[in-house]
Every structure is written in C-alpha cells, then in structure tokens.
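If you read the sequence shown in our numbering, its first letter stands for residue 302, the second for the next number, and so on. Notes for the one structure printed next.
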Amino acid sequence: MAYETIIVETHGKVGIITLNRPKALNALNSEVLKELLAASQAFDADPEIGAIVLTGSEKAFAAGADIKEMQSKTYVDMYLEDFFSGWEAFTRVRKPVIGAVAGYALGGGCELAMMCDFIIAADTAKFGQPEITLGVMPGMGGSQRLTRFVGKSKAMDMCLTGRMMDAAEAERSGLVSRVVPAGELLDEALKAAAKIASLSLPAVIMTKEAVNRSYETTLSEGLRFERRVFHSMFALEDQKEGMAAFSEKRAPNFKNR
Ligand code: HXC
Numbered sequence: 302m303a304y305e306t307i308i309v310e311t312h313g314k315v316g317i318i319t320l321n322r323p324k325a326l327n328a329l330n331s332e333v334l335k336e337l338l339a340a341s342q343a344f345d346a347d348p349e350i351g352a353i354v355l356t357g358s359e360k361a362f363a364a365g366a367d368i369k370e371m372q373s374k375t376y377v378d379m380y381l382e383d384f385f386s387g388w389e390a391f392t393r394v395r396k397p398v399i400g401a402v403a404g405y406a407l408g409g410g411c412e413l414a415m416m417c418d419f420i421i422a423a424d425t426a427k428f429g430q431p432e433i434t435l436g437v438m439p440g441m442g443g444s445q446r447l448t449r450f451v452g453k454s455k456a457m458d459m460c461l462t463g464r465m466m467d468a469a470e471a472e473r474s475g476l477v478s479r480v481v482p483a484g485e486l487l488d489e490a491l492k493a494a495a496k497i498a499s500l501s502l503p504a505v506i507m508t509k510e511a512v513n514r515s516y517e518t519t520l521s522e523g524l525r526f527e528r529r530v531f532h533s534m535f536a537l538e539d540q541k542e543g544m545a546a547f548s549e550k551r552a553p554n555f556k557n558r
C-alpha cells in the first residue's frame with residue numbers, strides 16, 4: 302500500500318511507522334488514522350515483525366488532531382461519525398508499540414503517544430493537552446489515560462491550563478519510561494524494540510495483555526488474570542526453551558519469535 306501521511310519501514314524484525322505531515326507538524330487527520338491503522342495492523346499480522354516503533358519528526362511527534370479538519374464540524378457531525386472512536390483500534394494492536402517522541406506531542410499527539418505501550422522521549426519532547434485553549438477538551442483519551450498515568454493533580458493542571466510538560470517532568474511523573482538525547486532517540490527506540498522482537502512472541506503478547514489489564518480492572522481480578530496467563534505459559538515451547546537455556550548457561554533459541 303502506498304502511504305501519503307506516514308512512512309513505513311522495517312529494521313530487522315522491527316516495524317517503523319513515521320508520521321509524515323511536516324507542513325502541519327504531523328497533525329492527525331482522518332487520512333493519518335486510516336494509514337496508521339493499515340500499517341500497524343499489517344505489522345501485527347506479519348510473522349517477520351516482533352515489535353513496532355511509532356515516531357514523528359524532530360520538531361513534532363504530532364501537534365494534535367487536525368484543527369482545520371474539525372473546525373467547522375457540528376455536534377451532529379461529530380456524534381454521528383463518533384469522531385475519534387477509530388483511534389481505539391490502534392490500541393488493539395497486539396504486538397508491542399513503542400512511542401518515540403521528539404518535539405511537540407500535543408492534544409491528540411499526546412493522546413496517541415499514550416496509546417503506545419510505552420514512550421521513550423527525546424530531551425526535546427513537550428507533552429500537553431491544550432484543547433481547553435481551543436474551547437474544547439481532550440477527545441482521544443487524554444482526560445482518562447493522562448489521569449491514570451500521571452495522577453489527578455497533574456492531569457487537571459495539564460488539561461485545565463493547557464500548559465506543556467517537558468521531557469524531564471514527563472519522566473518524573475511516569476508519563477515516559479526514559480529520556481534520551483534527541484540524536485539518539487530512534488536508535489534507542491529501535492534497540493528496545495529489537496530486544497522485544499528477539500524474545501518469545503506469545504510471551505511478549507501475553508505480557509502486554511496482562512499489563513494493560515492492570516488499568517482495565519480491579520487489583521484482585523488483575524492478579525487472577527495474571528496468574529492464569531502465567532500458568533498458560535507453561536504450555537509454550539518457548540517456556541521450556543527459555544528455562545532450559547538458563548540452566549544450561551546458553552542463549553535461548555525461541556521458536557516463536
Ligand atoms: C492543524 C496544525 C496543528 C493542528 C500545527 N498546525 N498544529 N494544523 N492542526 N493541531 C499547522 C499550523 O497551522 C501551521 O500551518 C503549521 O502546522 C506550523 O505550525 P506553527 O504554528 O506555524 O508552528 P510553531 O509556531 O512552531 O508552533 C508550534 C505549535 C503550534 C506550538 C505546536 O503549532 C500549536 O499550538 N499547534 C496547535 C496545538 C494544539 O492546540 N493541539 C491540540 C489540537 S486539538 P500553516 O499552514 O499556517 O503553515 C486536539 C484534540 C481535540 O488534538 C479534541 C477535542 C475534539
């Protein structure tokens with residue numbers, strides 16, 4: 302498939318999707334959504350791919366949902382289209398997705414980064430939910446995911462004032478897993494993704510599912526889910542191989558990766 306708003310590449314077993322609307326700072330319109338879903342679902346289905354990196358440009362991961370596309374819509378348009386609901390499909394990608402964020406991740410850009418399984422930020426990254434300054438509020442999960450990730454006080458501060466958070470604050474508050482120098486962002490994200498892609502794919506997907514379960518359910522249900530999935534892993538050849546390799550002091554040769 303030929304893409305117009307994203308660039309799709311592979312690096313070994315890692316699929317790389319780069320948002321590519323430089324003139325609009327990667328603002329997310331319906332074309333980006335369509336292409337991002339197609340590319341991520343294709344990587345999800347590709348047995349040669351074990352993990353995905355989603356990134357933008359040096360200046361912007363994405364400066365938000367496309368304001369110009371939304372501007373003239375009415376309530377009925379938004380409601381009947383169930384505008385933004387399509388983005389949820391991105392969170393149903395089963396293989397791990399690492400968000401590699403440099404520059405602006407604002408509004409829908411911040412929300413898209415939060416849909417990734419974890420975020421590696423460049424020291425230039427700036428996160429924000431500035432929708433309130435446009436007379437609206439986050440519509441792609443910002444009021445919910447940001448609150449779960451950084452807590453109520455900081456989420457309120459961000460969503461009500463529209464201020465940006467720099468990379469250091471984002472790391473301090475748990476929004477991102479690590480901060481790296483901007484020049485090393487893609488390498489670091491690829492290194493993490495390649496590590497994941499070298500491991501047992503069923504074990505990786507089950508682990509992602511279990512961690513995600515932690516914010517979809519109660520602690521006791523989550524712990525029960527974790528235990529059941531953990532038990533089921535003993536049906537994997539990769540469990541036998543991984544533990545045998547440890548005992549035999551050699552590198553594991555996972556069958557399903
Ligand atoms: C459409 C956008 C855009 C956006 C930037 N552009 N952000 N177009 N939607 N979200 C366009 C600009 O119009 C401009 O196009 C070009 O990208 C470059 O942007 P500049 O503003 O000239 O760049 P700069 O001065 O460097 O400022 C960067 C910036 C600023 C601080 C990121 O662009 C900005 O504030 N953008 C909007 C951020 C925002 O409010 N995001 C939330 C969107 S709402 P031209 O053609 O003029 O060169 C959202 C969810 C809505 O995400 C949910 C509620 C329904």
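We put the beta carbon where it would ideally sit given N, CA and C, even for glycine. Remember, predicted model here, so these are calculated numbers, not experimental data.
Distance cut-off 7 Å: residue i Cβ against heavy atoms of the ligand HXC
i, result
"Val437", "yes"
"Glu432", "yes"
"Met441", "yes"
"Tyr380", "no"
"Ala364", "yes"
"Ala406", "no"
"Met466", "no"
"Gly409", "yes"
"Asp367", "yes"
"Ala495", "no"
"Met371", "yes"
"Ala325", "yes"
"Ala328", "yes"
Extent of the continuous beta strand (DSSP E) to which residue i belongs
i, result
"Thr319", "315 to 320"
"Glu310", "307 to 312"
"Thr356", "352 to 356"
"Glu421", "Sequence check: residue 421 is Ile here, not Glu. From DSSP, the beta strand (DSSP E) with Ile421 extends over 419 to 423."
Segment limits, alpha helix (DSSP H) that includes residue i
i, result
"Lys427", "No alpha helix (DSSP H) holds Lys427; the beta strand (DSSP E) holding it covers 427 to 429."
"Arg514", "502 to 514"
"Ala469", "468 to 473"
"Phe450", "448 to 451"
"Ala406", "Element bounds for Ala406: not the alpha helix (DSSP H) but the beta strand (DSSP E), 405 to 407."
"Lys369", "368 to 371"
"Ala382", "One point to set straight first is that residue 382 is Glu, not Ala, in the sequence displayed. Its alpha helix (DSSP H) spans residues 376 to 382."
Beta-carbon separation (whole angstroms), residue i vs residue j, contact threshold 8 Å
i, j, result
"Glu489", "Ile421", "6 Å"
"Gly561", "Ala414", "In the structure as shown, the chain starts at 302 and stops at 558, and residue 561 therefore has no counterpart that could be examined."
"Ala483", "Glu359", "7 Å"
"Glu332", "Thr306", "5 Å"
"Ile433", "Cys460", "6 Å"
"Leu407", "Gly365", "5 Å"
Helix, strand or coil at residue i [DSSP, three-state]
i, result
"Gly400", "strand"
"Ala493", "helix"
"Met438", "coil"
"Met465", "strand"
"Phe362", "strand"
"Ala303", "coil"
"Leu256", "The displayed coordinates of the chain run from 302 to 558. Any statement about residue 256 would go beyond what the structure contains."
"Arg479", "strand"
"Leu537", "coil"
"Leu334", "helix"
"Leu326", "coil"
"Arg558", "coil"
"Lys550", "coil"
"Ser386", "helix"
"Ser454", "helix"
The segment 381 to 401 contacting the segment 352 to 365, beta-carbon criterion three pairs below 8 Å: yes
So does the segment 417 to 434 actually touch the segment 369 to 379, counting three or more Cβ pairs closer than 8 Å? no
Quick one: any contact between the segment 319 to 334 and the segment 367 to 374, if contact means 3 or more CB pairs under 8 Å? yes
Given 8 Å as the limit, is there contact between the segment 308 to 320 and the segment 335 to 344, that is, 3 or more CB pairs closer than that? yes
Is the segment 501 to 521 in contact with the segment 533 to 551, if contact means three or more CB pairs nearer than 8 Å? yes
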